[in-house]
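J.: Just so you know, numbering that gives the first Met the number 0 puts 24 at position 25 of the sequence shown, and the rest follows in order with no gaps. For glycine and all other residues, C-beta sits at the position ideal for the given N, C-alpha and C. Keep in mind it's a predicted model, so treat the numbers as computed, not measured.
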Amino acid sequence: MTVIRLGSGAPWEAVVGYSRVVVRGDTAWVSGTTAVVDGAVAHPGDAAAQTQQCLLTIESSLERAGFALHDVVRTRMYVTDISRWEEVGRVHGEFFGDVRPATTMVQVAALIDPEMLVEIEADAVREGAA
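Okay, structure coming up:
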């Protein structure tokens, strides 16, 4: 089965050696996604807005690979301050309230840039696949 690797053009992909999305058959894995837009962290200090940006990027990445948000079966959320879980969780719920993927939210010591408050990964299985 062919593996398709889609990049986003981010400078870190070549340095670190990863793809934004990897697809094999009816399954897609989206790499950790932060609120970087045009090379800068969007919405410094605003965990909810960063979560929304992460999920919008994940959504467009999945669509580019032939998937949709309703195909997501698992998300992982990494936050730098777990006391802000509700801000992050509410936005996640706006995107996935009807989908209800398995999910995890954990606090991490830091992300690559100190302005980053949230990083999210997503796994998807195309509808109709068993």
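Among THR50, GLY8, GLU62, which residue has its Cα nearest to the Cα of ALA27?
T.: Ranking THR50, GLY8, GLU62 by Cα distance to ALA27 puts GLU62 first.
J.: Quick one: Cα of VAL21 to Cα of ALA64, how far?
T.: Cα to Cα, VAL21 sits roughly 8 Å from ALA64.
J.: Pop quiz: MET161 and ARG23 are said to be a contact at Cβ under 8 Å. What is the actual Cβ separation, rounded to whole angstroms?
T.: This structure cannot settle anything about residue 161, because the visible part of the chain is limited to 0 through 129.
J.: What is the DSSP secondary structure of ASP122, reduced to helix, strand or coil?
T.: Residue state, collapsed to three classes: strand.
J.: From the DSSP output, which residues share a beta bridge with THR102?
T.: Answer is THR74.
J.: Answer with buried or exposed for HIS91, where buried requires no fewer than 16 other C-beta atoms within 10 angstroms of its C-beta.
T.: Buried.
J.: Between the stretch 0-14 and the stretch 84-104, do at least 3 Cβ pairs fall closer than 8 Å?
T.: Not touching, per the Cβ criterion.
J.: Given a cut-off of 8 Å on the beta-carbon distance, is the pair THR130 and MET104 in contact?
T.: This structure does not reach residue 130, given that the chain is present from 0 up to 129, and the question cannot be answered.
J.: May I have the straight-line CA-CA distance separating PRO216 from VAL72, to the nearest angstrom?
T.: The displayed coordinates of the chain run from 0 to 129. Any statement about residue 216 would go beyond what the structure contains.
J.: Could I get the ranges of all uninterrupted alpha helix (DSSP H) runs contained in the stretch 1-54, with 4 residues as the minimum, in chain order?
T.: Counting whole runs of 4 or more residues, the stretch 1-54 contains no alpha helix (DSSP H) stretch at all.
J.: Using the Cα positions of SER7 and SER60, report the straight-line distance between them to the nearest angstrom.
T.: Roughly 8 Å between the two C-alpha positions.
J.: CB-CB under 8 Å to PRO43, same chain, minus the five flanking residues each way: which ones, in chain order?
T.: Taken in chain order, the residues that qualify are GLU114.
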